[in-house]
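The numbering of the sequence shown is the numbering used here, which starts it at 3 and goes up by one.
Inspection log for the structure reproduced underneath, given as structure tokens.
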Amino acid sequence: IDEFYDLHKGIISELLRTSKLVFYNIQIVTGSKRAFFKIIGKFNEYLKDIIIWDKGYAQPAMQKQVLNRRSELILVFDSQYPISRQFKDAVFERGKLDDVWQISREKKKTKGHGAVFPEELVYNILDNFTKEGDIIYDPFMGTGTTAVVAMKMKRNFIGSEIDKNYIEFANKRINSESNTL
């Protein structure tokens with residue numbers, strides 16, 4: 003738990019140092035629960051809002067007497083104007099964007115990677131909170147979903163990933179997408 007907390011604390015600290023707005027997806031499960039609650043407390047001065055990602059259905063819990071997890075949270079941090087719930091540079095109209103996003107999961111893109119971000123989730127963030135030409139950074143690049151959506155939406159992207167198999171897959175996917183644009 004302490005290593006997990008330190009990892010995410012370091013990443014969020016750097017994101018806040020380099021970015022105005024940070025969307026940080028978390029899933030509260032037994033192994034991460036205390037660390038993420040501690041992170042929320044640590045960064046409470048920067049926490050602007052929380053979006054609930056409703057995935058439409060829950061996979062059965064791995065143990066009995068445990069709630070099935072149907073949702074994930076997107077913690078929205080603001081390094082410049084966190085005190086207000088107003089997003090200064092957002093492009094959505096008043097009353098048009100809720101804090102619960104019902105977006106179904108997508109199928110695995112590659113073997114062994116079950117935590118795939120749906121393109122629609124990335125699209126919602128980029129469409130409502132960024133503009134063409136912005137630089138989008140994904141510290142957990144995985145199979146490259148953020149990069150692909152950023153390219154489609156004429157945003158620039160940077161990504162980090164430590165798993166060589168995911169890097170290869172993401173690069174192929176990004177190259178394939180760039181050939182279609």
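For glycine and all other residues, C-beta sits at the position ideal for the given N, C-alpha and C.
Kindly indicate which three-state DSSP category residue i falls into: helix, strand or coil?
i           : result
residue 60  : strand
residue 80  : strand
residue 47  : coil
residue 54  : strand
residue 163 : coil
residue 69  : coil
residue 74  : strand
residue 171 : helix
residue 38  : helix
residue 86  : coil
residue 32  : coil
residue 95  : coil
When you compare the CB positions of residue i and residue j, do they come within less than 9 Å of one another, or not?
i           : j           : result
residue 58  : residue 107 : yes
residue 17  : residue 49  : no
residue 150 : residue 121 : yes
residue 135 : residue 172 : no
residue 137 : residue 158 : yes
residue 10  : residue 38  : yes
residue 79  : residue 128 : no
residue 161 : residue 148 : yes
residue 91  : residue 131 : yes
residue 27  : residue 89  : no
residue 33  : residue 3   : yes
residue 93  : residue 35  : no
Return the Cβ separation of residue i and residue j in integer angstroms, given the expectation that the two are a contact with Cβ distance under 8 Å.
i           : j           : result
residue 30  : residue 75  : 7 Å
residue 101 : residue 54  : 6 Å
residue 83  : residue 41  : Not quite, the Cβ-Cβ distance comes to about 20 Å (not below 8 Å), so this is no contact.
residue 14  : residue 45  : 6 Å
residue 179 : residue 155 : Not confirmed; about 11 Å, so no contact.
residue 1   : residue 51  : No information on residue 1 is available, as it lies outside the stretch 3 to 183 that the chain covers here.
Taking 8 Å as the limit between beta carbons, can you name the residues of its chain near residue i, skipping five residues before and five after?
i          : result
residue 21 : 81, 139
residue 71 : 29, 30, 31, 60, 61, 63
Tell me whether residue i counts as near the ligand MG, meaning its Cβ is closer than 8 Å to at least one heavy atom of that ligand.
i          : result
residue 76 : Although the ligand MG was asked about, the structure shown includes no ligands whatsoever.
Short of 6 Å in beta carbon distance, which residues of its chain neighbour residue i, apart from the five on each side in sequence? Order them along the chain.
i           : result
residue 104 : 56
Taking CB distances under 9 Å as the criterion, tell me whether residue i reaches chain C.
i          : result
residue 36 : In summary, chain C is missing from the structure at hand, where a single protein chain is found.
Only counting the same chain, and skipping five residues up and downstream in sequence, which positions put a Cβ closer than 7 Å to that of residue i?
i           : result
residue 124 : 147, 148, 151
residue 99  : 130
Self-check item: Contained beta strand (DSSP E) runs [length at least 3] in the stretch 100-160, N- to C-terminal order
Solution: 102-104, 137-140
Quiz item: Can you give, in chain order, each stretch of the beta strand (DSSP E) that sits fully within the stretch 3-28 and has at least 3 residues?
Solution: 23-28
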